[in-house]
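Working notes, beginning with the structure itself.
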């Protein structure tokens, strides 16, 4: 049976959930066609670990950033360190960054300050953004619209990670130059209300992700998520969009490689 090629655009491979079997987990990913993974930092230490994993594994690339839930106590020294990390070899994106008003683990003014620093860093580095948005759509849309209006036109500005929303909102992001990241949650019963929206998002603007070790696809609920499960999400998306899985795999992988400039 032919193994299709996939790219996991959002993983947290440094997390402790993978410490016991990280090498075996990466082999399973490769065996299932997931030969390229973007491992994503959520603070300075995890961003450094992402870089270390990328340096040690040919198919892994790093994103560096400070998650909105992790920005309490962030300092100018942290921002300076992030700037240095962003120019390290195999760093292909800035993030995970954005706004999270779901639990307000960090004060909103701190989240905003940190988010704006990431936007400035994306401008300086020329790297795409990985955007986290939870119950903060209005603010994120406005901030990105203002930022995008001052940036060079065209796609490739970043990805809206774990998107759940209307097709109308997705198209607003797409028109700014962002891709839409979809993961295993698209097959959850709670996501049925969004199936028509997922179906309406143009395939040429979709990338796949796991957000592992979180949010496993429906058949693996209650278990640890991992990159090997990207094909399950592709299968679900193929069903939603009434397309062949080969088309989903080919398009989303090409989109991701284009977004993260992996073919240069």
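Residue numbers (this note's numbering): 262 to 525.
For every residue, glycine included, the Cβ atom is placed at its ideal position computed from N, Cα and C.
All figures in this text were calculated on a predicted structure; none of them were measured in a lab.
In whole angstroms, what is the alpha-carbon distance linking residue i and residue j?
{"i": "residue 351", "j": "residue 396", "result": "31 Å"}
{"i": "residue 509", "j": "residue 464", "result": "8 Å"}
{"i": "residue 344", "j": "residue 503", "result": "43 Å"}
{"i": "residue 332", "j": "residue 357", "result": "11 Å"}
{"i": "residue 385", "j": "residue 483", "result": "41 Å"}
{"i": "residue 450", "j": "residue 280", "result": "31 Å"}
{"i": "residue 377", "j": "residue 355", "result": "12 Å"}
{"i": "residue 263", "j": "residue 477", "result": "24 Å"}
{"i": "residue 325", "j": "residue 479", "result": "29 Å"}
{"i": "residue 393", "j": "residue 429", "result": "18 Å"}
{"i": "residue 222", "j": "residue 420", "result": "Any answer about residue 222 is impossible in this case: the structure gives the chain only from 262 up to 525."}
{"i": "residue 406", "j": "residue 437", "result": "7 Å"}
{"i": "residue 469", "j": "residue 362", "result": "24 Å"}
{"i": "residue 433", "j": "residue 359", "result": "17 Å"}
{"i": "residue 485", "j": "residue 301", "result": "17 Å"}
By DSSP's criteria, residue i is part of a beta bridge. Which residues make up the other side?
{"i": "residue 395", "result": "361"}
{"i": "residue 352", "result": "323"}
{"i": "residue 473", "result": "272"}
{"i": "residue 467", "result": "441"}
{"i": "residue 509", "result": "Residue 509 pairs with nothing; no bridge assigned."}
Classify residue i as helix, strand or coil using the three-state DSSP reduction.
{"i": "residue 390", "result": "strand"}
{"i": "residue 335", "result": "coil"}
{"i": "residue 441", "result": "strand"}
{"i": "residue 267", "result": "strand"}
{"i": "residue 303", "result": "coil"}
{"i": "residue 298", "result": "strand"}
Is the shortest distance between the beta-carbon of residue i and the beta-carbons of chain D less than 9 Å?
{"i": "residue 452", "result": "The structure shown contains no chain D; it holds only a single protein chain."}
Discussion item. Threshold first: 4 residues or longer. Then list the alpha helix (DSSP H) segments lying entirely within the segment 397 to 437, N to C.
Written reply: 398 to 410 and 428 to 437, all fully within the segment 397 to 437.
Fill in: Contact the segment 484 to 491 vs the segment 289 to 302: 3+ CB pairs below 8 Å
The answer is yes - the segment 289 to 302 touches the segment 484 to 491, with three or more Cβ pairs under 8 Å.
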